[in-house]
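Colleague: Starting off with a structure, shown below.
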Amino acid sequence: MKSKSLKKALAAMLALSLVMAPVMGVSAAPGTSGNDATGKVTTTTNSNASTESNTSVSAAEAVVIPATSSVKVGGKVLVTTIKGAYMSKTIPGTVVMTDKAAIAAAYGLAAGEQPYVRIYDISEKKSPAALASINAAAGAVGGTVVATVNMELGKLAGGKFSLLAQGGAPITMVFGIPKTAVKAGYAYAMLCVRPGGMVEVLPDLDTDPNTITFNTTGGLGAYAMIMYPAA
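With mature numbering (1 follows the signal peptide of the UniProt record, and there is no 0) applied, the sequence shown covers -28 to -1, 1 to 203.
Written out as structure tokens, the structure reads:
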């Protein structure tokens, strides 16, 4: 199915997601977070925000969080360009492809600030509204949800994390497709549910059957990898 057809099929789901906007809350509103001297990851949000993205973990847990990630595309290993907390266990490789300096320039990062990403698995139990929109959108094209993650594309400044602006310059990502989901006759794409409920369709830009390459922008989103019958 071509990306235009995919987007057309999801038009009704976009309207539904906007109706659901008051209850989406896929994660907390932008706040501040960072790593203290013990390695503990902390998050600060305002009192009216959802606590969905409060990713505080103990120092013992923090030491096992990978600060980098890689994926193989066409026999070549690609390594992410920016540091982060690459915590997904359901997607085999989550890589930022856009150059670190290009992201910093495009989003106006100042001296002492650096791009940083946090990626972690989410579930229907933890993010029911986001998953409801994702499942409905996938169903609209006869698709199946393969994996779901929250991705926070932001920056670190003085040890504190904050989100980059949503809707800024494109940032290219490459996600590995789980081996159990790689099947002939299927196409793949990413869905992104933004705070407020808007659903974005992110088509696969590469030809490798084991990966999805897509463009997104800064900020927070609940991302779903989907597979659907190819045209």
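Beta carbons: idealized from backbone N, C-alpha and C, even for Gly.
CA-CA distance, R166 and S99?
Modeller: If you take the alpha carbons of R166 and S99, they lie about 12 Å apart.
Colleague: Check whether the Cβ atoms of F147 and M197 sit closer than 8 Å, and answer yes or no.
Modeller: Yes.
Colleague: Assess contact between the segment 70 to 84 and the segment 104 to 113, defined as three or more Cβ pairs (one per stretch) separated by less than 8 Å. Is contact present?
Modeller: No, the segment 70 to 84 does not touch the segment 104 to 113.
Colleague: In chain order, what residues of the same chain lie with their CB nearer than 7 Å to the CB of N182, ignoring the 5 residues before and after it?
Modeller: Hits under 7 Å: G148, I149, V154.
Colleague: Under 8 Å, with one C-beta from each stretch per pair, do the segment 127 to 137 and the segment 169 to 182 reach the 3-pair mark?
Modeller: No, they do not touch.
Colleague: Mind reading off the beta-carbon distance from T52 to I94? Whole number of angstroms is fine, and I expect it under 8 Å.
Modeller: About 20 Å separates the two Cβ atoms, so there is no contact after all.
Colleague: Considering just the uninterrupted stretch of the alpha helix (DSSP H) at A112, what are its terminal residues?
Modeller: From DSSP, the alpha helix (DSSP H) with A112 extends over 100 to 112.
Colleague: Going by the CB atoms, is the gap between L192 and E124 shorter than 8 Å?
Modeller: Yes.
Colleague: Measuring straight from C-alpha to C-alpha, what distance separates residue 214 and I37?
Modeller: An answer regarding residue 214 cannot be provided, because it is not within the stretch -28 to 203 covered by the chain.
Colleague: Would you mind reading off the limits of the alpha helix (DSSP H) that contains K132?
Modeller: First-last for K132: 132 to 135, but that is the beta strand (DSSP E), not the alpha helix (DSSP H).
Colleague: In the DSSP assignment, the alpha helix (DSSP H) including K72 goes from what residue to what residue?
Modeller: 72 to 78 is the extent of the alpha helix (DSSP H) around K72.
Colleague: Skipping 5 residues on each side, what residues in its chain have a beta carbon closer than 6 Å to that of V118?
Modeller: So the list reads A153, M197, M199, once near-sequence residues are dropped.
Colleague: With R90 as the anchor, note down where its beta strand (DSSP E) starts and where it stops.
Modeller: From DSSP, the beta strand (DSSP E) with R90 extends over 85 to 93.
Colleague: Which value, in whole angstroms, describes the spacing of the CA atoms of E24 and A137?
Modeller: Note that E24 scores a pLDDT of 39, beneath 50, so its modelled location is shaky and nothing firm can be said.
Colleague: For K151, does the three-state DSSP call read helix, strand or coil?
Modeller: Helix, per DSSP.
Colleague: So what's G169 in DSSP terms, helix, strand or just coil?
Modeller: Here G169 sits in coil by DSSP.
Colleague: Given this structure, state the Cα-to-Cα distance separating T144 from T185, to the nearest angstrom.
Modeller: Near 7 Å, if we compare the C-alpha coordinates of T185 and T144.
Colleague: Rank Y160, C164, G190, T189 by C-alpha distance to the C-alpha of L177 and give the top, closest one.
Modeller: Nearest of Y160, C164, G190, T189 to L177, Cα basis: Y160.
Colleague: Going by C-alpha to C-alpha distance, which of G84, I91, A73, V45 sits closest to K61?
Modeller: Of the listed residues, the one whose Cα sits closest to K61 is I91.
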